[in-house]
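One structure is given below, encoded as structure tokens.
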Amino acid sequence: MKGKANKISARTLLLMLLFIVVVPFLPLLISGKWNWWEAWIYALIGILGFIVSRALAARRHPDLLAERARFLQHEDAKPWDRLLSPLIGLGGGLIPLVAGLDARFGWSMPFKPVAKILALAVILAGYMLASWALVANRFFSGMVRIQTDRGHQVVSSGPYGWLRHPGYSGALLAYLATPVFLDSIWSFLPVLFITIVLAVRTRLEDITLQAELPGYREYTLRVRFRLLPGIW
């Protein structure tokens, strides 16, 4: 049992190093443009956003980080999410990767400063919304499953009072604004990919919760929109 715990811990550490440290720095590492201030800000927002949000979540829900660290180990995770969850991680990594290649080979023309400032504001808003959702929801797991082992209940406080899946909404905001902030038209291709995957996952997760989580169907009558306020 001890060896298994150590194996899980090492795997978790490796994934954190890859997605939380390496991925945010991909634009700089690939382009080699170490004076690219937008890429530095992008990397710092990603790393600091992760640290601050997890610290706040751990303070409010001490067991939540352990739940998320075991996201690939849950036997009761929905089979379709074993495919969709890694695809979201892949899409999230492709966006800065393509942006780095774009900067290295000069594929795109730069956006105007005003557009980039607005994009930065949207990225920050997206991180804030996603972090708020994480802190507000004790059951914010990395995999879609009914957490009977943790007393899974409907959460309707915070951003869940007006959106059913605000964590996904915040992530989508940040994804959509990143190509503009990093001057990469071609990065919109992986953004389109991850938007489709997120929409599919949101729909399937919502169907699952309505069918299997007590009280969720009633919650949907009060909170109509899943991902986009006023739209869907």
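Position one of the sequence shown corresponds to residue 402 (this note's numbering), numbered consecutively onward. The beta-carbon is built from N, C-alpha and C at its ideal position, and this holds for glycine as well.
The DSSP-derived three-state label of residue 513 is coil. The region 534 to 551 and the region 475 to 491 touch, with three or more beta-carbon pairs separated by less than 8 angstroms.
Straight-line spacing of the CA atoms in residue 580 and residue 589 works out to 6 angstroms.
Contact annotation: residue 558 and residue 537 have beta-carbon atoms nearer than 7 angstroms. Closest option to residue 458, judged by alpha-carbon separation, among 569, 540, 576, 561: 540. Counting C-beta pairs closer than 8 angstroms gives three or more between the region 619 to 629 and the region 590 to 607, which meets the contact rule.
Residue 537 sits in a helix when the DSSP states are folded into three classes. Nearest C-alpha to residue 493 among 513, 510, 578, 616: 578. The continuous alpha helix (DSSP H) containing residue 592 extends over residues 589 to 613.
Secondary structure of residue 432 (DSSP, three-state): helix.
When the Cα atoms are used, residue 440 and residue 621 turn out to be separated by approximately 39 angstroms. For residue 493, the uninterrupted alpha helix (DSSP H) segment begins and ends at 482 to 506. Taking 7 angstroms as the cut-off, the beta carbon of residue 444 is found closer than this to the beta carbon of residue 425.
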